[in-house]
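Chains as they are written, first to last, in the numbering used here: chain A, 1 to 141; chain B, 1 to 393.
Beta carbons are placed, not taken as given, at the ideal position from N, Cα and C, and that holds for glycine.
Only a predicted model underlies this, so the values are computations on that prediction, with no experimental measurement involved.
I have placed the structure first, in the form of structure tokens, so that the comments after it can refer back to it.
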Amino acid sequence: MKITTMLGDVLRSLLRPNSTQQYPAERQPDPERLRGKLVWNGEKCTGCALCVKECPALAIELITLDKAAKRFVMRYHIYRCTFCAQCVENCRFGCLQMSNTDWELAAADKSAFTVYYGKEHDIEMARSAQAASTKPEPAEG
Amino acid sequence: MPSERFVIPIGPQHPALKEPGHFEFSVEGERVTGATVRLGYAHRGIEKACEERNWVQSLYLLERICGICSHIHTTAYCLGVERLAGVEVPPRAQAIRVLIAELERVHSHLLWLGVAAHEAGFDTLFMYSWRDRETVMDVLEGLTGNRVNYSANVLGGVKYDLDEARAETIRKGVDYLEARTYYYLELVVHDPVFVQRTRGIGTVTREQAEWLGLVGPAARASNVARDLRVESPYAAYDLFPVQMVLETAGDLEARVSVRLKELFESYRVIRTILDKLPTGEIKGRMPKKVREGETVSRVEAPRGELFYFIKSNGTDKAERVKVRTPTLCNLAPMMTLAIGHQLADMPMLLAGVDPCFSCNDRSIVVRNAQEAETRWTWEQLRRYGIEVYKCKR
């Protein structure tokens, strides 16, 4: 039976660089397939909502403004997302992608966790429609 | 004169692992005379929740049963649902499933080696095996995009294909890990400190292992030939067969070496898959609704046999999903085996089966805390027996 079986390995490790990385000062390149924030490009979207139906975390909402003119807005709740990329898998038109660079999603403000995608005036419309629907009823008397 | 008897409660906050489980050991001096386990602290109601989600949504929920063997859970579920739906999965997808499952086994066993070493007070080995485990985590991240919860499976196939550049990275990682595994295998059978904690402790004979129903590496360490990859090959294990690794000693040392020797098999299978990956599609077409029926799906998780029962009523939701994880089969035998051992051996004995409590806690019996403990007389028990069989008739 050997004594000090690991001594050689321990001494060799003294000459090795640190195994831990000093994040965030030191960064590894982002893995190509890393699943970060979901990005929606609505140009080809037909509004089939397959991404919404099979989202396990109910993190996506597709707001239809005008189905015939293909005006859609996507509301994406980052805080619910499990980053499984099932929506990317489901989209037949390649509208959805998961960014491999945008993955540091911590924020001090809650509003950063709900993201709207779409044309600017469409987003405005969707936002005001939502604000109107959630406005509390005026108190009587 | 009766000796003093103590009951030592362990957990739920500090068992062998960093997971909640409650154990009670009654001891006479240092010797354990009785052991019980109470589970259910990490119960999350996943099986019930599956009944309210569609087939695809359940997949990602079931992936989160276990943080270590997440891929094997989805594989078991996918194989079951695909069989129910009658979907043909392309051979390339099945091979990639096996590839990820074997990489996952490597990461699980190296993690366990670290945990076992830590329980034995051998923290150098713990640090080094976890450092080396980073290699396989990086390989998995490169292949699927995530270190854990890979989301590689979809119903009908896999999401991620393998190219030559990635295959080369995997080969390099496996070469390094193989050399390290040889070293660790040498170490665990020669290091006097580690051997003192493992040799001749928690010995399970072959008969006991079969009778108590041990599964996985814990059973194979007692020379019980039980490995679903060999016994009933699923996914692509018929194309890429695995040799069963058996040990005869049945003690903790055998459980350590069976796991490490199994890794060489995993490395070999990974290399064979990389060399002979079938060509073709990686996804089959999956219907939204699954026709009525029920099926059983069994796979070999890193810890042993993982069992899924899936029942469909013809809609887009499962009627019932039942999961039995290997830890449940292995914990009860350990409670029997604990008797007669030193109390000091309990952490190693428990860690020896690689328990995973969050995997395990599928169901819970809630008793009314207000209710006083009742004791039955013989007459009451007799009546109970008659009543139960009356209802069955």
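Relative to the C-alpha of residue i, which candidate in the options has its C-alpha closest?
i	options	result
Pro347(B)	Arg5(B), Glu28(B), Phe6(B) and Val32(B)	Val32(B)
Asp395(B)	Thr124(B), Gly45(B) and Glu141(B)	Within the shown structure, residues of chain B are numbered from 1 to 393, placing residue 395(B) beyond reach of any answer.
Leu140(B)	Asp161(B), Leu337(B), Gly40(B) and His118(B)	Asp161(B)
Glu119(B)	Ile386(B), Gly385(B), Leu349(B) and Cys391(B)	Leu349(B)
Leu328(B)	Glu82(B), Leu306(B) and Pro233(B)	Leu306(B)
Leu263(B)	Phe126(B), Leu79(B), Val296(B) and Tyr176(B)	Tyr176(B)
Asp275(B)	Leu239(B), Ala42(B) and Val353(B)	Leu239(B)
Lys159(B)	Gly385(B), Ile282(B), Val321(B) and Pro20(B)	Ile282(B)
Tyr76(A)	Leu34(A), Cys51(A), Met6(A) and Ala129(A)	Cys51(A)
Cys50(B)	Ala101(B), Asn330(B), Arg320(B) and Ile386(B)	Arg320(B)
Ala179(B)	Gly340(B), Gly385(B) and Lys261(B)	Lys261(B)
Glu292(B)	Arg298(B), Ala318(B), Gly284(B) and Phe309(B)	Ala318(B)
Val81(B)	Arg303(B), Glu300(B), Gly284(B) and Pro333(B)	Gly284(B)
Asp30(A)	Met286(B), Leu155(B), Arg197(B) and Gly145(B)	Gly145(B)
Ser358(B)	Pro20(B), Arg5(B) and Pro241(B)	Pro20(B)
Ala116(B)	His43(B), Gly45(B), Gly40(B) and Lys18(B)	Lys18(B)
Gly121(B)	Glu52(B), Thr198(B), Gln243(B) and Arg131(B)	Thr198(B)
Gly114(B)	Asp354(B), Gly304(B) and Thr295(B)	Asp354(B)
His43(B)	Asp361(B), Pro287(B) and Trp130(B)	Asp361(B)
Ser400(B)	Arg382(B), His341(B) and Pro287(B)	Given that chain B is displayed from residue 1 to residue 393, the structure contains no residue 400(B) and the question cannot be resolved.
Leu337(B)	Thr203(B), Glu134(B) and Glu28(B)	Thr203(B)
In whole angstroms, give me the CA-to-CA distance for residue i and residue j.
i	j	result
Asp316(B)	Lys289(B)	4 Å
Gly141(A)	Cys87(A)	At Gly141(A) the pLDDT is 44, less than 50, meaning the model places this residue with poor confidence and gives no usable figure here.
Glu265(B)	Ala85(B)	33 Å
Arg226(B)	Asp66(A)	60 Å
Ala404(B)	Pro12(B)	Residue numbering for chain B in the displayed model covers 1 to 393; residue 404(B) lies beyond these limits and cannot be assessed.
Phe83(A)	Gly36(A)	7 Å
Val39(A)	Cys66(B)	28 Å
Val106(B)	Val136(B)	7 Å
His169(B)	Ala249(B)	Residue 169(B) is actually Thr in this sequence, not His. About 37 Å.
Leu185(B)	Thr325(B)	27 Å
Tyr117(A)	Glu63(B)	29 Å
Thr397(B)	Phe113(A)	This structure cannot settle anything about residue 397(B), because the visible part of chain B is limited to 1 through 393.
Leu343(B)	Ile10(B)	11 Å
Ser70(B)	Ile63(A)	33 Å
Gly216(B)	Val188(B)	20 Å
Ile123(A)	Arg71(A)	10 Å
Ala351(B)	Trp211(B)	21 Å
Leu277(B)	Ile201(B)	42 Å
Met1(B)	Glu30(B)	Because Met1(B) sits at a pLDDT of 45, beneath the cut-off of 50, its placement in the model cannot be relied upon, and the point is left open.
Lys311(B)	Tyr128(B)	44 Å
Leu214(B)	Cys356(B)	15 Å
Phe194(B)	Ala254(B)	13 Å
Val87(B)	Ser151(B)	20 Å
Asn313(B)	Asn330(B)	33 Å
Pro233(B)	Ser297(B)	12 Å
His109(B)	Leu103(B)	10 Å
Leu99(B)	Ala93(B)	10 Å
Glu120(A)	Ala129(A)	14 Å
Gly8(A)	Leu15(A)	12 Å
Asn100(A)	Phe126(B)	32 Å
Lys172(B)	Ala25(A)	28 Å
Arg166(B)	Arg53(B)	34 Å
Ala132(A)	Asp102(A)	32 Å
Asp163(B)	Glu207(B)	47 Å
Leu143(B)	Val10(A)	31 Å
Val242(B)	Val115(A)	48 Å
Arg5(B)	Glu28(B)	5 Å
Going along the region 103 to 121 of chain B in order, which residues come within less than 8 Å of chain A, judged by CB to CB distance? Here the close residues number zero.
The region 71 to 78 of chain B in contact with the region 47 to 62 of chain B per 3-pair CB rule at 8 Å: Yes, they touch.
Name the residues in the region 9 to 33 of chain A whose C-beta lies less than 8 Å from a C-beta of chain B; which are they? Listed by position, the residues of the region 9 to 33 of chain A near chain B (Cβ gap below 8 Å) are Asp9, Val10, Ser13, Ser19, Pro31, Glu32 and Arg33.
Three or more beta-carbon pairs under 8 Å between the region 92 to 105 of chain A and the region 35 to 43 of chain A, yes or no? Taking one beta carbon from each stretch, the region 92 to 105 of chain A and the region 35 to 43 of chain A have 3 or more pairs nearer than 8 Å; the two touch.
Quick one: complete beta strand (DSSP E) runs, 3+ long, within the region 287 to 346 of chain B? As far as the region 287 to 346 of chain B is concerned, its whole beta strand (DSSP E) runs of at least 3 residues are 293 to 301, 304 to 312 and 318 to 324.
Mind checking the region 98 to 116 of chain A against chain B and listing, in chain order, the residues whose C-beta falls within less than 9 Å of any C-beta there? Answer in chain order: Met98 and Asn100.
Do the region 268 to 277 of chain B and the region 22 to 38 of chain B touch if we need at least three Cβ pairs shorter than 8 Å? Touching, no.
Touching by the beta-carbon criterion (3+ pairs, under 8 Å), the region 97 to 115 of chain A and the region 46 to 62 of chain A: No: the two stretches stay apart, fewer than three of their Cβ pairs being nearer than 8 Å.
Taking beta-carbon pairs under 8 Å, can you tell me which members of the region 129 to 140 of chain B lie near chain A? Correct list: Arg131 and Glu134.
Within the region 194 to 259 of chain B, ranges of the alpha helix (DSSP H) (whole runs, at least 4 residues): Within the region 194 to 259 of chain B, the alpha helix (DSSP H) runs of at least 4 residues that lie entirely inside it are, in chain order, 206 to 212, 216 to 220 and 228 to 231.
Could you please tell me which residues of the region 166 to 198 of chain B, in chain order, have their CB closer than 8 Å to any CB of chain A? The residues in question are Tyr183, Glu186, Leu187, His190, Asp191, Pro192 and Val195.
For the region 27 to 71 of chain B, list the beta strand (DSSP E) runs that are entirely contained and at least 3 residues long, ordered along the chain. Along the region 27 to 71 of chain B, the beta strand (DSSP E) occurs as fully enclosed runs of 3 or more residues at 31 to 38, listed in sequence order.
Just list the beta strand (DSSP E) runs in the region 18 to 74 of chain A, keeping only unbroken ones of 3 residues or longer that don't cross its boundaries, in chain order. Qualifying beta strand (DSSP E) stretches, in chain order: 38 to 40 and 60 to 66.
Check each residue of the region 38 to 63 of chain A: if its Cβ is closer than 7 Å to any Cβ of chain B, include it; give the result in chain order. Residues are counted here when their Cβ sits less than 7 Å from a Cβ of chain B; for the region 38 to 63 of chain A these are Glu54 and Pro56, given in chain order.
Contact list for the region 298 to 329 of chain B against chain A, Cβ threshold 7 Å: Listed in sequence order: no entries.
Where in the region 81 to 128 of chain A do unbroken runs of the alpha helix (DSSP H), each at least 4 residues long, occur, reported from the N-terminal end onward? Runs found: 86 to 90.
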